[in-house]
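First to last, the sequence lines map onto chains A and B.
The working numbering numbers the first residue of the first sequence as 1 and each following residue consecutively.
The working numbering numbers the first residue of the second sequence as 1001 and each following residue consecutively.
Protein chains: 2
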Amino acid sequence: MTIRPAPLRLIPLFGLPEIAPGSDLAGLIRDAAREQGVALAGCVVVVCQKIVSKAEGRLVDLADVTPGELAREIGAEHGRDPRQVEVVLRESRRIVRRGRGVLITETHHGFVCANSGVDLSNAPGPDVAVLLPVDPDASAKRLSDALSTPAGRTPVVISDTFGRPWREGLVDVALGSAGLAPIRDDRGTMDRAGRELQVTQPATADQLAAAAGLLMWKSAGVPVVVIEGFPFEGDGTVRRALLRDSATDLFR
Amino acid sequence: MTIRPAPLRLIPLFGLPEIAPGSDLAGLIRDAAREQGVALAGCVVVVCQKIVSKAEGRLVDLADVTPGELAREIGAEHGRDPRQVEVVLRESRRIVRRGRGVLITETHHGFVCANSGVDLSNAPGPDVAVLLPVDPDASAKRLSDALSTPAGRTPVVISDTFGRPWREGLVDVALGSAGLAPIRDDRGTMDRAGRELQVTQPATADQLAAAAGLLMWKSAGVPVVVIEGFPFEGDGTVRRALLRDSATDLFR
């Protein structure tokens, strides 16, 4: 039997206040949704990493950072603030590529991205760096638990914009997820000609993040997007489901 | 001034017949949209590569393929049909990685993907391989021109599912586009604190493809998704806007 997907609606949430360490992010999302008349039960909520990190206090004042030798070397080579480079290195497990002012690292979580995800834009101060959440899946779980009600589950995806090899531009990907399976396993199902599908495993959480990203450009002030009508199922973390084991990765 | 994005609606189109070489794809999409009461003017239409390739006759019967030495070697090594490998090699400019039954190639267009995008699933016959369109941007342009009316432009994105390094699962990306800028250039705009955004260039066409992919899983029979409410602007091709020049790519 073919299950026909229904239309999806992507709703940008506005009006969240500036988020600070200790902010009740779930409460603020609930309030903003209520204000806009958006019901969250049964919807997927995509939250941009920046406000999660701020609420969790993942901020470093560069005034407190003393760059080491490597950070000073890279800073000089690429014309970058060595204190920021130091923070990037501290957040990383290894440097994947270095060149043309770009520092691609593997974070302690296992994400491969520019600057370990450390960002100065939309930060609370001119010399404040925002780091990725320590455990984005746990952050998603806390938000999902707080937003879900007896009326229905509210899965959460925490997103960030990453570059990628071979293609220009950034796309939003999932850093963390809770309340849905981050990957859809279509293996074993049949194509329309009855041939078994072998390698069809859409990275659902990443597609949800990318879809939300269409409404999240930085100047718009939309840190949360509600996705209505997506038939989520299962559960799982980005770390286990989407981060490829280095043993099976052809690109490490 | 902050421009607040409006909600988006993603509408799956059903009921397209099996597409064959010479099918009037634009006409069939228009008919399916009319049948479902969907107006296309001002909407982005995302079309999966498979039906574009079929309409354009990009099919190869493996019975007509004589594998060369390399194809026979790779086929034997990875337990794959050497005729299919031969087709993959013919569609490629070079092999990027080879291992664990996976053949990552760079296509003549410049896409880096598994098997040069050559696919046997949802093909019109058991031994028929479907190739990528020769020029997906031109395919998108033809469709966009045919679907646009005096009532409004209808940009088109042609999508395919690609794997990526470091992350499991597949996401839909844009192979071709017409009628919109594939990348959004936010450089020069300010963040909420008035700091200039440096590297914020969302790959809009890829995000549109990924969003549509949420409704396009292969067993569902949804080859076309209409995206309503997206504030597209500009114009451009995927080849020029999204394929990174090898001179500036850290991963070649």
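Backbone N, C-alpha and C define an ideal beta-carbon position, used for all residues, glycine too.
Helix or strand or just coil, what does DSSP make of isoleucine 104 (chain A)? Translated into the one-based positions of the first sequence, residue 104 (chain A) becomes position 104. Note: isoleucine 104 (chain A) maps to strand in three-state DSSP.
Taking all protein chains shown into account, do 16 or more other C-beta atoms lie within 10 angstroms of the C-beta of aspartate 160 (chain A), making it buried, or fewer, making it exposed? Within the first sequence, residue 160 (chain A) is the residue found at index 160, counting from 1. By the 10 Å Cβ count, aspartate 160 (chain A) comes out buried.
Are the CB atoms of leucine 1175 (chain B) and phenylalanine 1232 (chain B) within a distance shorter than 8 Å? Numbered from its first residue, the second sequence carries residue 1232 (chain B) at position 232. Numbered from its first residue, the second sequence carries residue 1175 (chain B) at position 175. Cβ atoms of phenylalanine 1232 (chain B) and leucine 1175 (chain B): not closer than 8 Å.
Give the straight-line distance between the Cα atoms of isoleucine 11 (chain A) and glutamate 1106 (chain B), rounded to the nearest whole angstrom. Sequence index remark: in the first sequence, residue 11 (chain A) carries index 11 (1-based). Sequence index remark: in the second sequence, residue 1106 (chain B) carries index 106 (1-based). Whole-angstrom Cα-Cα distance: 37 Å.
With H, G and I counted as helix, E and B as strand and the rest as coil, what does DSSP make of aspartate 1185 (chain B)? The residue given as residue 1185 (chain B) occupies position 185 in the second sequence. Coil, per DSSP.
Using three-state DSSP, classify valine 225 (chain A) as helix, strand or coil. Working through the first sequence from its first residue, we reach residue 225 (chain A) at position 225. Of the three classes helix, strand and coil, the one that applies to valine 225 (chain A) here is strand, per DSSP.
Can you list, in chain order, the residues of the segment 230 to 249 of chain A whose Cβ is nearer than 8 Å to any Cβ on chain B? Close to chain B, meaning a Cβ-Cβ distance shorter than 8 Å, are the following residues of the segment 230 to 249 of chain A: Phe230, Ala241, Leu242, Leu243, Arg244, Thr248, Asp249.
Along chain A, which residues have their Cβ under 8 Å away from the Cβ of threonine 1161 (chain B)? As a working mapping, residue 1161 (chain B) is identified with position 161 in the second sequence. In chain order: Thr200, Pro202.
Please say whether alanine 1129 (chain B) and leucine 1062 (chain B) have beta carbons closer to each other than 8 Å? Residue 1062 (chain B) sits at position 62 when you count from the first residue of the second sequence. Residue 1129 (chain B) sits at position 129 when you count from the first residue of the second sequence. Yes.
Taking the C-alpha atoms as reference points, what is the distance between alanine 33 (chain A) and leucine 40 (chain A)? The sequence position of residue 33 (chain A) within the first sequence is 33, counting from 1. The sequence position of residue 40 (chain A) within the first sequence is 40, counting from 1. Distance between the alpha carbons of alanine 33 (chain A) and leucine 40 (chain A) is about 7 Å.
The segment 1206 to 1226 of chain B / the segment 1045 to 1062 of chain B touching (three or more Cβ pairs under 8 Å): With a cut-off of 8 Å, the segment 1045 to 1062 of chain B and the segment 1206 to 1226 of chain B count as touching, because enough Cβ pairs lie within range.
Do tryptophan 166 (chain A) and aspartate 1249 (chain B) have their CB atoms nearer than 8 Å? Along the first sequence, read from residue 1 onward, the residue named residue 166 (chain A) stands at position 166. Along the second sequence, read from residue 1 onward, the residue named residue 1249 (chain B) stands at position 249. Yes, the Cβ-Cβ distance between tryptophan 166 (chain A) and aspartate 1249 (chain B) is below 8 Å.
Contacting residues, own chain, Cβ-Cβ under 7 Å from threonine 1149 (chain B) (five flanking each side not counted): Numbered from its first residue, the second sequence carries residue 1149 (chain B) at position 149. If we look at threonine 1149 (chain B) and ignore the five residues flanking it on each side, its Cβ neighbours are Ala1041.
In chain order, which beta strand (DSSP E) runs of at least 3 residues are fully inside the segment 11 to 54 of chain A? Within the segment 11 to 54 of chain A, the complete beta strand (DSSP E) runs of at least 3 residues are 44 to 48.
Beta-carbon contacts of glycine 1234 (chain B) that lie in its chain and below 7 Å, excluding the five residues immediately before and after: Within the second sequence, the letter at position 234 stands for residue 1234 (chain B). Hits under 7 Å: Leu1180, Ala1181.
Tell me, which residues are paired with alanine 114 (chain A) by DSSP? As a working note, residue 114 (chain A) is residue 114 in the first sequence. Answer is A:Ile104, bridged to alanine 114 (chain A).
Assuming leucine 170 (chain A) contacts glutamine 1084 (chain B) (C-beta within less than 8 Å), just tell me the rounded distance between them. Within the first sequence, the letter at position 170 stands for residue 170 (chain A). Within the second sequence, the letter at position 84 stands for residue 1084 (chain B). At roughly 34 Å, the Cβ-Cβ gap does not stay under 8 Å, so leucine 170 (chain A) and glutamine 1084 (chain B) are not in contact.
Can you find a CB in chain B that lies within less than 8 Å of the CB of glutamine 84 (chain A)? Within the first sequence, the letter at position 84 stands for residue 84 (chain A). So, not an interface residue.
For serine 1121 (chain B) and glycine 117 (chain A), what's the separation of their Cα atoms in angstroms? Start at 1 with the first residue of the second sequence, and residue 1121 (chain B) comes out as number 121. Start at 1 with the first residue of the first sequence, and residue 117 (chain A) comes out as number 117. So the two alpha carbons sit approximately 37 Å from each other.
Span separating the alpha-carbon of proline 1124 (chain B) from that of arginine 72 (chain A): Here residue 1124 (chain B) refers to the residue found at position 124 of the second sequence. Here residue 72 (chain A) refers to the residue found at position 72 of the first sequence. Spanning the two alpha carbons is a distance of roughly 59 Å.
Taking 8 Å as the threshold (beta carbon to beta carbon), is glutamate 1073 (chain B) in contact with chain A? Locating residue 1073 (chain B) in the second sequence gives position 73, counting from the first residue. So, not an interface residue.
Considering serine 1246 (chain B), what are the terminal residues of the alpha helix (DSSP H) in which it resides? Taking the second sequence and counting its residues from 1, one reaches residue 1246 (chain B) at position 246. First-last for serine 1246 (chain B): undefined, no H or E at that position.
Tell me where the beta strand (DSSP E) around arginine 1097 (chain B) begins and ends. Taking the second sequence and counting its residues from 1, the one referred to as residue 1097 (chain B) is at position 97. Counting along the chain, the beta strand (DSSP E) containing arginine 1097 (chain B) begins and ends at 1092 to 1099.
According to the Cβ coordinates, are valine 52 (chain A) and serine 139 (chain A) closer than 8 Å? In the first sequence, counting from the first residue as 1, residue 52 (chain A) sits at position 52. In the first sequence, counting from the first residue as 1, residue 139 (chain A) sits at position 139. Yes, Cβ-Cβ distance for valine 52 (chain A) and serine 139 (chain A) is below 8 Å.
Leucine 1208 (chain B) and leucine 8 (chain A) look like a contact to me (Cβ under 8 Å); what is the Cβ gap, rounded to whole Å? Stepping through the second sequence from its first residue, residue 1208 (chain B) is reached at position 208. Stepping through the first sequence from its first residue, residue 8 (chain A) is reached at position 8. Contact doesn't hold; Cβ gap of about 13 Å is too wide.
Closer than 8 Å to chain B by CB, arginine 80 (chain A): Looking up residue 80 (chain A) in the first sequence gives position 80. Any Cβ of chain B closer than 8 Å to the Cβ of arginine 80 (chain A) would place that residue at the interface, and such an atom is absent.
Give every residue of the same chain whose Cβ lies closer than 7 Å to the Cβ of aspartate 1137 (chain B), excluding the five residues on either side of it in the sequence, and list them in chain order. Position 137 of the second sequence holds residue 1137 (chain B). Once the five neighbours on either side are set aside, the close Cβ partners of aspartate 1137 (chain B) are Gly1176, Ser1177, Ala1178, Thr1237, Val1238, Arg1239.
Nearest-angstrom Cα separation, counted from glutamine 1036 (chain B) out to leucine 1013 (chain B): For this step, residue 1013 (chain B) is matched to residue 13 along the second sequence. For this step, residue 1036 (chain B) is matched to residue 36 along the second sequence. Taking the straight line from one Cα to the other gives about 8 Å.
Same chain, Cβ closer than 6 Å to glycine 152 (chain A), five either side skipped, listed in chain order: As a position in the first sequence, residue 152 (chain A) is number 152, starting the count at 1. If the five residues before and after glycine 152 (chain A) are omitted, its C-beta is found closer than 6 Å to the C-beta atoms of Ala41, Gly42, all from its own chain and listed in chain order.
Which of the three DSSP states, helix, strand or coil, is assigned to glycine 1125 (chain B)? Taking the first residue of the second sequence as position 1, residue 1125 (chain B) is located at position 125. Coil, per DSSP.
Any beta-carbon of chain B closer than 8 Å to the one on alanine 20 (chain A)? The residue given as residue 20 (chain A) occupies position 20 in the first sequence. False, the Cβ-Cβ gap to chain B never drops below 8 Å.
Start and end residues, beta strand (DSSP E) containing arginine 142 (chain A): Looking up residue 142 (chain A) in the first sequence gives position 142. No beta strand (DSSP E) contains arginine 142 (chain A), which is instead part of the alpha helix (DSSP H) from 136 to 147.
I'd like to know whether the C-beta of isoleucine 286 (chain A) is nearer than 8 Å to at least one C-beta of chain B. Residue coverage of chain A in this structure runs from 1 to 252, which leaves residue 286 (chain A) outside it and unanswerable.
Here's the rule: buried if 16 or more other CB atoms are within 10 angstroms of the residue's CB, otherwise exposed. What is valine 134 (chain A)? In the first sequence, residue 134 (chain A) corresponds to position 134, counting from 1. Exposed is the call here.
Between the alpha carbons of phenylalanine 162 (chain A) and glycine 1057 (chain B), how many angstroms are there, rounded? By one-based count along the first sequence, residue 162 (chain A) stands at place 162. By one-based count along the second sequence, residue 1057 (chain B) stands at place 57. The alpha-carbon separation between phenylalanine 162 (chain A) and glycine 1057 (chain B) amounts to approximately 36 Å.
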